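From first to last, the protein sequence lines are chains A and B. Just so you know, we're using the working numbering here: the first sequence kicks off at 1 and counts up by one. Just so you know, we're using the working numbering here: the second sequence kicks off at 288 and counts up by one.
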Amino acid sequence: MLSISHVTKSFGSRRALDDVSLTVDKGVVYGLLGPNGAGKTTLIRIATGITMPDSGSAMLNGHNITLDDAISIGYMPEERGMYKKLTCADQIIYMARLKGLTAKQAYQQLDFWLNRFAIREWKYKKIEELSKGMAQKIQFIQTVIHQPELLILDEPLSGFDPVNAELIRNEIKRLNSEGTTVILSTHNMTSVEMLCQQISLIDHGKIVLQGNVNDIRQQHRTGRFRVSLQTENGIQQTEVIRQEGESNNRLVERLAHQGQILSFEEVMPSMEDIFINTVSKSATNPE
Amino acid sequence: MSSKIGLVIVHEYTTRVLRKRFIFITLLTPLIMSLTFAIPMWLTLDDSDSEERTIVVVDHSELYASAFIDEAKADTADKRSGYNYVYLNADLEQARAQYKQVEAFLLITGDLTMQGNTATLYSEKQVGNAVVADVQKRLTKYVRQQKLDSYDIEGLRQIIADVESDVNVKTVRWTEQGEKITSVDLYQLMGLLSALLIYMFIIMYGSMVMQGVVQEKSNRIMEVMISSVRPFDMMMGKIIGVALVGLTQFAIWVLLLVIAAAVGMPLLSDMLHIDALAAYDAASLQNTTMAQDLYLALTGMDFVELVVLFVVYFLGGYLLYSSLYAACGSAVDNETDTQQFSMPITIIVLFAMYAGIYAAQHPDSSFTWWCSMIPFTSPVVMLVRLPYDVAAWELILSLAVLVASFVATTWLAGKIYRVGVLMYGKKPSWKEVVRWIRY
């Protein structure tokens with residue numbers, strides 16, 4: 001659906017993106033990860049046609065992305081902004097109408113989403129009266145109100161408490177299951193594990209890790225196991241590391257000598273570990 | 288796409304007009320304006336009514352009693368605006384002992400027809416200009432009469448009054464329809480008035496557009512906007528929306544003015560004593576031929592054409608300048624920086640004003656002609672030129688250039704907006720702005 005190939009972008013002497021390529025297939029949730037200032041927002045702006053790449057190409061459904069595509073995409077920028085003096089309803093309706101909905105459709109969608117988030121009573125509240133998290137919800141609604149095929153969310157969960165973060169995650173999942181392709185940039189690794197099928201990890205403008213989330217976790221297995229043993233001193237919980245060239249069976253044998261094995265489970269690396277490892281590795285060897 | 292311009296216009300218009308601040312300012316401005324006129328007026332009226340200020344005249348020459356006493360008592364209208372004179376034949380020291388709390392003492396030591404400087408005003412406090420002027424006026428008038436009388440020519444006063452004349456040169460232009468009475472004064476006045484109106488409108492509402500853009504930047508809303516509506520549509524909608532706000536405000540003011548005139552005029556003339564006003568009117572309309580000429584000149588003009596062209600140029604000028612202001616707002620990211628970037632625009636507006644004033648004096652010069660074609664000055668200069676017969680092709684050319692440059696500058700503003708809005712935290716250099724346009 002979206003394909004970015006060999007994109008380079010500099011601001012002055014600083015290279016924000018360096019030969020970045022990625023492909024987002026229809027129907028997936030794609031995660032863009034990376035530390036602050038890695039170039040995620042620049043990449044997203046190129047994907048929405050707001051910024052032009054210096055070289056390389058960004059294609060949407062087989063044609064070069066222009067600013068007009070941004071209008072059909074549902075894009076939630078990291079910088080949240082709304083007209084402070086407007087009421088929630090006016091803000092959402094205005095954006096929905098700009099995105100091409102008729103007045104009738106816009107009001108229908110507005111009611112649907114306000115009900116969905118159980119925030120009907122905010123309808124005539126002014127944006128400036130809302131808390132950050134509340135405003136965030138309105139922003140989310142105005143992003144998805146025109147039922148875009150492609151949704152690009154820059155840090156969609158920042159500013160939410162855990163309950164509301166879960167709510168938004170569920171909405172993203174639901175929209176995805178209904179066929180919406182989602183690209184999200186985030187620091188929140190829990191959401192990556194819960195939502196994303198594929199990721200690209202960007203650091204210093206370069207892609208340092210890319211692929212299917214499950215594959216990546218497989219590749220980054222460290223051979224650590226969590227074991228519970230029944231020994232003379234009672235139940236012991238330990239973590240052991242499989243030695244180089246050792247098979248799981250050999251490890252179990254080795255453990256069996258120490259006591260009765262109650263449970264034996266491989267510790268899969270969390271995305272957080274992978275993120276930290278990869279980024280610190282690329283920091284120590286820049287090239 | 289054009290429906291989006293409509294949406295933006297509606298948004299920009301309603302959010303501004305329905306705001307309490309707009310209603311407040313719209314109603315308050317005329318109130319403050321009229322108060323600034325009314326209060327000093329009321330004060331002077333009140334002042335002369337409540338306490339008549341006294342000037343004690345100590346005349347050693349004993350020649351000027353009638354200059355103060357007779358006239359002052361006879362003329363009630365004069366009394367209202369002037370001072371109460373007490374004529375005293377005494378010493379200055381005595382007078383000072385006798386009268387406390389008077390405005391001033393006028394000491395006349397000799398014949399003023401011989402020597403002009405024998406009158407002196409003494410006072411405790413510094414006397415105002417009005418006192419000196421009043422005394423001077425009275426003495427000058429009196430001494431002049433005295434001198435005239437000293438020639439002892441029969442009916443001299445009559446002769447003087449008779450030779451006092453006011454020559455009025457009529458201007459008539461030969462046109463295809465025949466002779467047409469014109470009025471140069473009227474044309475100049477109309478041209479300058481409309482130029483001033485355009486200037487005010489541009490400055491007021493142009494900066495409103497600029498503020499709107501800057502606010503959108505500081506609210507961080509434009510990244511959403513830019514991915515929802517084309518920058519050109521956005522700019523166009525904003526500029527037209529604010530123009531409608533301005534027109535609404537003007538319309539309300541005109542309405543208030545009409546109401547105020549209908550209600551206030553009778554009240555005002557009541558306050559100022561109708562007799563005096565009527566007398567003044569009669570005096571000013573004495574020269575009836577002049578009034579007639581003015582009337583003929585007014586009717587000689589094609590009003591419909593003038594009004595239509597005024598509106599067209601008015602809007603054209605506003606739209607062009609506000610698109611520049613919008614571009615300026617896109618380039619900066621806080622209100623204080625707007626000063627620096629809007630400076631060149633303000634200078635151009637001022638230049639246009641001066642070009643208009645020049646054009647009023649030299650309507651046929653080639654400088655005026657060029658200025659009526661150049662879009663930045665044409666709204667002002669063409670309006671000044673209009674009464675002096677402008678060929679149709681000139682009008683069409685000038686308007687075409689104006690509209691084309693408006694569209695071009697709006698497009699340009701959109702370009703700068705598109706890039707400028709995403710740059711925060713640093714003030715762009717002019718070089719960068721040029722690069723954004725090419726982008």
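Just so it is clear, CB atoms sit at the ideal spot from N, CA and C, and this is done for glycine as well. Keep in mind the model is a prediction, meaning the values are calculated, not measured.
- Per the C-alpha coordinates, the member of A:Asp273, A:Phe11, A:Lys84, A:Asn176 positioned closest to Tyr124 (chain A) is A:Lys84.
- Put simply, the backbone Cα of Leu673 (chain B) is about 9 Å away from that of Leu682 (chain B).
- Here Met522 (chain B) really is in contact with Ala613 (chain B); their C-beta atoms are around 5 Å apart, less than 8 Å.
- With a cutoff of 7 Å on beta-carbon distance, Ser665 (chain B) and Leu689 (chain B) are scored as near each other.
- For Glu79 (chain A), the chain B residues whose C-beta falls within less than 7 Å of its own C-beta are Arg507, Glu510, listed in chain order.
- Counting only Cβ-Cβ distances below 8 Å, Met95 (chain A) has contacts in chain B at Val511, Ser515, in chain order.
- Using a Cβ-Cβ cut-off of 7 Å, Leu305 (chain B) does not count as an interface residue toward chain A, since no Cβ of chain A sits closer than that to its own.
- Residue state for Asn249 (chain A) is assigned as helix, using DSSP reduced to three classes.
- In the DSSP assignment, Met76 (chain A) is bridged to A:Leu153.
- DSSP links Gln236 (chain A) through a beta bridge to A:Leu229.
- Per the DSSP secondary-structure output, Glu265 (chain A) pairs in a beta bridge with A:Arg226.
- Collapsing the DSSP output to three states places His187 (chain A) in coil.
- Taking 8 Å as the upper bound on Cβ-Cβ separation, chain B lies near no residue of the segment 206-236 of chain A.
- In the structure shown, Val459 (chain B) falls within a strand segment according to DSSP collapsed to helix, strand and coil.
- Rounded to the nearest whole angstrom, the C-alpha separation of Ala420 (chain B) and Gln381 (chain B) is 26 Å.
- The three-state reading of DSSP puts Thr180 (chain A) in coil, since its state is none of H, G, I, E or B.
- Contact holds between the segment 614-623 of chain B and the segment 493-509 of chain B, because three or more Cβ pairs, one in each stretch, are under 8 Å apart.
- Assignment of Phe392 (chain B) by DSSP, reduced to helix, strand and coil, places it in the strand class.
- Rounded to whole angstroms, the gap between the alpha carbons of Tyr107 (chain A) and Ile93 (chain A) is 7 Å.
- Identification of chain A residues near Leu294 (chain B) by a Cβ-Cβ cut-off of 8 Å yields Tyr94, Arg97, Leu98, ordered along the chain.
- Among the residues of chain B, those whose CB is under 8 Å from the CB of Lys84 (chain A) are Asn506, following chain order.
- Neighbours of Ala70 (chain A) in chain B, taken as residues at a C-beta separation under 9 Å, are given in chain order as Ile513, Ser514, Ser515.
- Within the same chain, Lys40, Leu43, Ile44, Ile183, Leu184, Ser185, Thr186, Ile199, Ser200, Ile202 come within 8 Å of Leu32 (chain A) by CB-CB distance, once the 5 residues on both sides are set aside.
- Residue environment for Phe225 (chain A): buried (at least 16 other C-beta atoms within 10 angstroms of its C-beta).
- Bounds of the beta strand (DSSP E) holding Gly211 (chain A) are 206-212.
- In this structure, DSSP gives Ala58 (chain A) an extended state, which the three-state scheme calls strand.
- Nearest C-alpha to Asp346 (chain B) among B:Ala406, B:Phe663, B:Thr427, B:Thr655: B:Ala406.
- Within the model, the alpha-carbon separation for Val454 (chain B) versus Ser653 (chain B) is close to 32 Å.
- Using a 10 angstroms sphere on the CB of Arg80 (chain A), the tally of other CB atoms reaches 16 or more, which defines it as buried.
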